[in-house]
Amino acid sequence: MGTPHHYILFSLQPSTAATTIDPFTIRQTMNNALIQTFGIVGGSLYIDVLWVAQDGSETVVKVRKPVSTLCGALTSASASAGIRMSKRKDSAFLPAIMPSGEQALLED
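Here our numbering is used: the first residue of the sequence shown is -6, the next is one more, and so on.
Structure below.
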């Protein structure tokens, strides 16, 4: 039986040099985009930020709903978001999307 979770690798670009990129800011940006696009009820989506690159250029998140819901919201709300996010890869299998240098994180 398949997992209800889906993993997405995003590339990140802060809108200003002063924008901090951390798991809380990433999750808040995603939630704000979902609420702006779908409203409070339609925008409720389980999001778990699993990994953020040390330089803040990439992140991996785990979601339960279809990937298109989150990616669509991020695309439509990218102008007002503090962080611009672009989907690079998605998969139901986490090791398939982790950047090659970060595979060791999965072995802990």
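Virtual Cβ for every residue (Gly too), placed ideally from N, Cα, C.
For clarity, every value in this text was computed on a predicted model and none was experimentally measured.
*asked:* Using 8 Å as the threshold, is the C-beta distance between V45 and I1 below it?
replied: Taking the C-beta atoms as reference points, I1 is found no nearer than 8 Å to V45.
*asked:* According to DSSP, simplified to helix, strand and coil, what is T3?
replied: At residue 3 the sequence reads Phe, which differs from the Thr that was named. Reduced to three states, the DSSP call for F3 is strand.
*Ordered along the chain, which non-local residues of its own chain (more than five positions away) have a Cβ less than 8 Å from that of S37?*
So the list reads L27, once near-sequence residues are dropped.
*Three-state secondary structure (DSSP) at L43?*
Strand, per DSSP.
_I need the DSSP call for S50, collapsed to helix, strand or coil._
If DSSP states are grouped into helix, strand and coil, S50 belongs with coil.
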